[in-house]
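Visitor: For the sequence shown, this note's numbering begins at 1 and goes up steadily by one.
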Amino acid sequence: MEASLPFHHHHPAASSTAAHHAARLTPPPPRDPRATARWVPPAAAPARSRSPANLGLPPHPPRRLRLRLRLAPPRITAAVTGGPRRPRRRAPPPLECAGGSSSSLRRPREEEEEEEERSSTAHAGVSLVGENKVLQMSSTVPKASNIFWHDCAVGQADRQKLLKQKGCVVWITGLSGSGKSTLACTLDRELHTRGKLSYVLDGDNLRHGLNKDLGFKAEDRAENIRRVGEVAKLFADAGLVCIASFISPYRRDRESCRALLSDGSFIEVFLNMPLELCESRDPKGLYKLARAGKIKGFTGIDDPYESPLNSEIEIKEVDGVCPSPSDMAGQLMELCNDIQRRVGGGGGAGAGGAVPGQGGARGRRRRLRADEVLRALLVAPVRELERLADWLFVFFCLPLPDYYVPGSGRGGLLVARAPSSPSGGALLHYGGRYRRPLSLLLPSSSSSSSSSSMSSSEEYYYYSDD
Ligand SMILES: Nc1ncnc2c1ncn2[C@@H]1O[C@H](COP(=O)(O)OS(=O)(=O)O)[C@@H](OP(=O)(O)O)[C@H]1O
Ligand SMILES: Nc1ncnc2c1ncn2[C@@H]1O[C@H](COP(=O)(O)OP(=O)(O)O)[C@@H](O)[C@H]1O
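#1: Hey, is Pro323 close to ligand 1, as in C-beta under 7 Å from one of its heavy atoms?
#2: Can you grab the Cα-Cα spacing for the pair Gln331 / Asp253, in whole Å?
#3: Quick one, are the C-beta atoms of Thr299 and Ile267 less than 8 Å apart?
#4: Just reading off the alpha helix (DSSP H) that Phe235 is part of, what are its end residues?
#5: Leaving out the 5 sequence neighbours to the left and right, which residues in its chain are closer than 7 Å to Arg109 when beta-carbon positions are compared?
#6: Going by beta-carbon coordinates alone, are Ser178 and Cys242 separated by less than 8 Å?
#7: May I ask whether a heavy atom of ligand 3 can be found less than 7 Å away from the beta carbon of Ser176?
#8: Residues in its own chain within less than 8 Å of Phe270 by CB, not counting five upstream and five downstream?
#9: Could you give the DSSP three-state label for Asp202: helix, strand or coil?
#10: Could you name the residues of the same chain whose beta carbon sits closer than 8 Å to that of Asp188, not counting the 5 residues immediately before and after it, in chain order?
#11: Would you check if there are 3 or more beta carbon pairs closer than 8 Å linking the segment 221 to 240 to the segment 199 to 213?
#12: In the DSSP assignment, what are the bridge partners of Ser324?
#13: Return yes when the C-beta of Ile295 is under 7 Å from any heavy atom of ligand 1, and no when it is not.
#14: At the level of alpha carbons, what is the spacing between Ala236 and Ala157?
#15: Residues in its own chain within less than 6 Å of Ser181 by CB, not counting five upstream and five downstream?
#16: Alpha carbon to alpha carbon, how far is Thr186 from Arg281? Give it in angstroms, no decimals.
#17: What do you get for Gly167, buried or exposed, if any count of 16 or more other CB atoms within 10 angstroms of its CB means buried?
#18: Which of the three DSSP states, helix, strand or coil, is assigned to Asp213?
#19: Using a threshold of 7 Å, is the CB atom of Phe216 nearer than that to any non-hydrogen atom of ligand 1?
#20: Alpha carbon to alpha carbon, how far is Val321 from Cys336?
#21: Roughly how many angstroms separate the alpha carbons of Lys288 and Val169, rounded to a whole number?
#22: Check each candidate in His192, Ala232, Leu286 and name the one with the smallest Cα separation from Leu210.
#23: Thinking C-beta only, is Arg342 closer than 8 Å to Gly239?
#24: Go through its chain and collect everything with a Cβ distance to Ile295's Cβ below 7 Å, but skip five positions before and after it.
#25: Suppose you measure from the CA of Met273 to the CA of Glu317; what does that come to, to the nearest Å?
#26: At a cut-off of 7 Å, is Pro274 close to ligand 2 when judged by its beta-carbon and the heavy atoms of the ligand?
#27: Does DSSP classify Ala153 as helix, strand or coil?
#28: Starting from Leu183, trace the alpha helix (DSSP H) both ways and give me its first and last residue.
#29: Alpha carbon to alpha carbon, what distance is there between Ala222 and Gln340?
#30: So what does Cys168 bridge to, in DSSP terms?
#31: Roughly how far, in whole angstroms, is the beta-carbon of Leu183 from the beta-carbon of Ala329, given that I think they are within contact range, below 8 Å?
#32: Rounded to whole angstroms, what is the Cα-Cα separation between Glu334 and Val154?
#33: Would you call the CB atoms of Val249 and Asp213 closer than 8 Å?
#34: For a test of the three-state rule: what should DSSP assign to Leu261, helix, strand or coil?
#35: Run through DSSP, which three-state label would Ile339 get?
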């Protein structure tokens with residue numbers, strides 16, 4: 001018997017149609033005695049809890065399971081089949097739960113015993129059917145029933161407004177040694193410097209706590225990424241820029257994480273460094289151990305890495321040279337701005353971008369030469385300058401009370417470069433009458449650092465209201 005049901009557990013004892021419906025609407029008490037204490041008979045629950053329609057549930061469409069049901073077995077094994085690679089609607093991949101052959105009402109005794117053994121470890125078995133493989137995903141918690149979504153009065157939009165940024169997930173994937181953690185921490189620092197709240201979730205670190213029960217078998221990696229995806233989603237919902245740095249070698253696991261987020265809120269960064277480079281770095285000596293056969297199932301050696309097909313950005317070596325972490329971080333911040341501007345319609349009312357550059361820049365963008373940028377910096381009112389500082393790739397922006405000029409806002413010291421110019425930039429005092437350029441940091445080809453010798457062919461961007 002094959003049926004399409006929402007997330008209600010079907011009572012196996014249902015025999016009549018009425019009982020069948022009752023079973024769908026009235027979930028049975030859990031068989032697991034450990035769960036009984038928490039189980040509340042639906043009749044005892046508050047009336048408004050009975051119907052999801054009364055609960056002001058979030059607009060998630062009910063997830064549907066395709067169930068091949070057998071009446072006898074109390075537990076099910078779920079085979080998760082692949083959804084579209086990049087679903088338009090960000091829905092999780094469909095779940096196909098198979099209880100076994102529809103023709104058999106009872107499983108062989110050994111099978112039941114096996115299942116008893118599995119369930120005694122409180123793990124619910126889920127088979128992930130990948131393109132060419134079957135992954136066993138194990139969840140360490142029993143499947144819960146009788147659960148309802150509860151919304152709070154303060155929502156994501158309120159938090160974003162408070163933080164003046166947008167929550168999102170920057171997901172960095174790549175081989176061990178490709179530079180994920182370095183990039184994650186550099187981006188985190190850059191954002192922090194600009195007053196943006198971010199948080200790094202790193203594979204090694206989470207495996208010390210939340211995921212300490214997981215190893216590197218395919219199913220453990222899948223569960224690792226599933227948990228991280230859920231945590232990252234919560235961080236984004238909290239309004240943070242969540243930077244996730246995980247090998248995350250399996251495409252479908254990454255796509256499942258993407259599916260948890262709204263459009264533009266999951267930014268996949270493929271750190272595509274050659275295996276030879278990663279192996280030559282080998283900061284933890286793990287490649288050496290893997291080559292010596294002392295670690296089995298090491299990604300890139302004897303365990304697969306599935307490259308992203310649709311990452312938002314792929315970072316590679318340029319002419320055999322790996323870009324510096326801060327260049328990569330700069331690229332990422334620009335990218336995030338672009339994506340969020342496109343998806344969020346210019347940064348949203350008051351929320352500001354997740355990363356600097358989107359926040360206060362209201363005007364149209366036009367290109368200016370370096371000398372024009374300097375002039376603009378010098379003539380711009382302080383608040384304009386601070387807005388500009390928010391947009392320029394600012395290395396250092398230190399408001400200094402010494403430079404305070406009444407009526408004109410704070411002053412300070414600013415070292416910045418335009419995103420389009422990797423090596424050019426400006427160091428200036430700002431604030432009222434003290435504002436003047438101290439020096440210009442020019443491309444390395446230039447020997448001088450005075451404003452007069454600034455290359456006029458350098459192109460900068462500048463936000464302008466005209
Ligand atoms: N067998 C095997 N394969 C790959 N990596 C291994 C393995 N054993 C230990 N390590 C160390 O674990 C870090 C990767 O953890 P992740 O949570 O990112 O891995 S995964 O996404 O679940 O595949 C990884 O850290 P990074 O080097 O920072 O990637 C390794 O230090
Ligand atoms: N952009 C980079 N250029 C040069 N070396 C780098 C870069 N990023 C990281 N490294 C170095 O490579 C090694 C691995 O970096 P790490 O961030 O730990 O990688 P992962 O987290 O992917 O394992 C470290 O020794 C780090 O200093």
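Think of the CB as a built atom: it goes at the ideal place given N, C-alpha and C, for glycine as much as any other residue.
Since the model is a prediction, treat every value here as computed from it, not as a measurement.
Guide: So, to answer that:
#1: no
#2: 25 Å
#3: no
#4: 218 to 238
#5: Model confidence at Arg109 stands at a pLDDT of 41, short of 50, so the residue's coordinates are unreliable and nothing is read from them.
#6: no
#7: Among the ligands modelled here, namely ligand 1 and ligand 2, ligand 3 does not occur.
#8: Thr173, Gly174, Ser307, Pro308, Ser311, Ile313, Glu314, Ile315
#9: strand
#10: Ser198, Tyr199, Val200, Ile243
#11: yes
#12: In DSSP, Ser324 forms no bridge with anything.
#13: yes
#14: 11 Å
#15: Asp202, Ser245
#16: 18 Å
#17: buried
#18: coil
#19: yes
#20: 24 Å
#21: 32 Å
#22: Ala232
#23: no
#24: Leu286, Leu289
#25: 7 Å
#26: no
#27: coil
#28: 180 to 193
#29: 28 Å
#30: Val241
#31: 7 Å
#32: 29 Å
#33: One point to set straight first is that residue 249 is Pro, not Val, in the sequence displayed. In this structure, Asp213 does not lie closer than 8 Å to Pro249 by Cβ.
#34: coil
#35: helix
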